[in-house]
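Report on one structure; see the data block that follows.
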Amino acid sequence: MNGTAAHMKVSDLWKVYGTGIHAVEAVRGVSFELARGEIVAIMGPSGCGKTSLLNCLSGIDSATKGSVLLEGMDPHRMKERERDAFRAEYTGFIFQFYNLVPMLSAAENVELPLLCRGVRPEIARARALDALTQVGLRERERHRPAELSSGQQQRVALARAIVNKPKVVFADEPTGALDSKTTEMVMDLIDHLNRTEGITFVIVTHNPDVAGYAHRTLFMDSGHLISERHSMRKGGISDRGRNSDG
Ligand SMILES: Nc1ncnc2c1ncn2[C@@H]1O[C@H](COP(=O)(O)OP(=O)(O)OP(=O)(O)O)[C@@H](O)[C@H]1O
16 MNGTAAHMKV SDLWKVYGTG IHAVEAVRGV SFELARGEIV AIMGPSGCGK
66 TSLLNCLSGI DSATKGSVLL EGMDPHRMKE RERDAFRAEY TGFIFQFYNL
116 VPMLSAAENV ELPLLCRGVR PEIARARALD ALTQVGLRER ERHRPAELSS
166 GQQQRVALAR AIVNKPKVVF ADEPTGALDS KTTEMVMDLI DHLNRTEGIT
216 FVIVTHNPDV AGYAHRTLFM DSGHLISERH SMRKGGISDR GRNSDG
């Protein structure tokens with residue numbers, strides 16, 4: 016972390032579903048820090064709490080206990096509107112099954128988060144087309160999800176995730192529905208966006224090839240973080256700058 020404030024600081028995070036004898040402790044006291052520009056994979060057996068952790072990190076769900084600081088700020092301490100605006104600006108999401116709106120074209124899907132934030136339609140469209148260009152799908156702007164391959168749909172979802180120019184993108188099994196060649200294409204794109212835009216990615220995956228793109232892999236079991244592995248590639252923008260290994 017080079018002594019600077021962590022991009023994201025997770026402290027003693029717990030997620031408990033239900034109460035009493037029905038309580039499920041999905042995340043149990045997880046703590047870690049994330050540097051700006053890292054790609055971090057979260058792995059572990061089915062049911063160990065990966066998605067629960069990711070949802071608490073991203074704000075899709077709220078933690079039962081503990082804190083997630085983003086750039087030193089705790090969204091939970093913000094007023095609702097401030098928190099929504101902060102999250103909309105700061106984070107993007109990708110899901111296993113893309114979560115695109117079937118009736119909307121690729122461009123309309125990508126511009127949707129901007130329109131929801133009140134961005135003027137012509138600006139939203141221009142930025143959506145830029146994002147589609149970044150994922151190599153500019154010529155598919157008018158196509159609906161059903162007219163696109165699964166890999167293309169995930170690339171549209173990736174364009175939607177980055178259209179706000181977020182600092183962090185949270186991805187839950189982003190390649191879980193893709194074959195190995197398409198997985199490679201989507202991960203190459205994530206790698207490219209990480210290197211060129213400095214976007215931090217937190218990726219839940221069962222796939223070791225996907226984790227191979229990460230600077231660091233966190234391993235979970237039974238709600239705990241049990242170990243972490245650093246890859247040979249250097250993590251975070253500061254590390255890359257220092258080592259000039261791109
Ligand atoms: N909404 C919920 N209500 C109650 N229990 C839940 C809920 N969501 C998840 N759980 C439980 O929390 C535990 C962790 O689930 P989670 O989905 O986070 O695991 P996971 O590691 O992502 O699993 P997988 O790899 O199979 O997707 C499991 O025991 C699951 O049954």
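Residue numbers 16 to 261, in the numbering used here, belong to the letters of the sequence shown in order.
Glycine included, C-beta positions come from ideal geometry on N, C-alpha and C.
Predicted, not measured: the structure shown is a model, and the values here were computed from it.
DSSP bridge partner residues for residue i (one or two, in chain order)
i, result
"Arg43", "Trp29"
"Ser82", "Ser26"
"Met88", "Leu85"
"Arg231", "Val55, His245"
"Ala186", "Ile109, Ile218"
"Asp224", "Answer by DSSP bridge pairing: none, since Asp224 is not bridged."
"Glu48", "Lys24"
"Asp236", "His239"
Under 8 Å between C-beta atoms of residue i and residue j
i, j, result
"Ile57", "Val184", "no"
"Val217", "Val39", "no"
"Ile177", "Leu208", "yes"
"Ser82", "Lys30", "no"
"Arg140", "Ala122", "yes"
"Ala172", "Leu115", "yes"
"Lys24", "Leu69", "no"
"Tyr228", "Ile214", "no"
"Leu147", "Glu137", "no"
"Arg175", "Leu127", "yes"
"Gly59", "Asp224", "no"
Alpha-carbon to alpha-carbon, residue j and residue i
i, j, result
"Lys65", "Glu212", "26 Å"
"His158", "Arg244", "41 Å"
"Ser61", "Gly238", "11 Å"
"Gly11", "Arg43", "Lying outside 16 to 261, the shown extent of the chain, residue 11 is not represented and no answer is given."
"Met200", "Gly166", "8 Å"
"Arg51", "Phe110", "22 Å"
"Pro117", "Gln149", "22 Å"
"Asp27", "Val45", "5 Å"
"Ile36", "Leu233", "30 Å"
"Ala21", "Glu48", "6 Å"
"Lys182", "Thr106", "6 Å"
"Cys63", "Lys80", "18 Å"
"Glu11", "Arg102", "There is no way to answer for residue 11, as the model of the chain reaches only from 16 to 261."
"Lys180", "Glu104", "7 Å"
"Met93", "Leu129", "21 Å"
"Tyr113", "Asp145", "19 Å"
"Met247", "Arg231", "9 Å"
"Gly18", "Glu162", "At Gly18 the pLDDT is 42, less than 50, meaning the model places this residue with poor confidence and gives no usable figure here."
"Asp203", "Arg153", "18 Å"
"Arg255", "Thr197", "Legend: pLDDT at Arg255 = 41, less than 50; position of this residue unreliable, value from coordinates given subsequently. Roughly 27 Å separates the two Cα atoms."
"Asp89", "Ala100", "13 Å"
"Asp194", "Ser164", "11 Å"
"Gln168", "Gly151", "12 Å"
"Pro160", "Ala143", "15 Å"
"Ile98", "Asn222", "Note that residue 98 corresponds to Arg in the displayed sequence, not to Ile. Straight-line Cα distance between these residues: approximately 33 Å."
Coil, strand or helix - residue i by DSSP
i, result
"Gly166", "helix"
"Ser242", "strand"
"Thr19", "Because Thr19 carries a pLDDT of 49, less than 50, the predicted location of this residue cannot be relied on, and the following value inherits that uncertainty. Here Thr19 sits in coil by DSSP."
"Glu151", "Per the sequence shown, residue 151 should be read as Gly rather than Glu. Gly151: coil per DSSP, three-state reduction."
"Ile252", "With a pLDDT of only 43 at Ile252, under the threshold of 50, the placement of this residue in the model should not be trusted; the figure read from the coordinates follows. Reduced to three states, the DSSP call for Ile252 is helix."
"Gly35", "helix"
"Gly261", "Interpretation of Gly261 is limited by its pLDDT of 31, a score under 50 that renders its predicted location unreliable; the figure taken from the coordinates is listed afterwards. Reduced to three states, the DSSP call for Gly261 is coil."
"Glu156", "coil"
"Leu204", "helix"
"Leu72", "helix"
"Leu144", "helix"
"Leu130", "helix"
"Val171", "helix"
"Pro136", "helix"
Open item on the list: Across the region 63-80 and the region 175-192, are there enough close Cβ pairs to call them in contact, namely three or more that are closer than 8 Å?
Closed with: yes
TODO: Quick one: residues with CB closer than 5 Å to any heavy atom of ligand 3, in chain order, please.
DONE: Because ligand 3 does not appear in the structure shown, any question about it cannot be addressed here, the ligands present being ligand 1.
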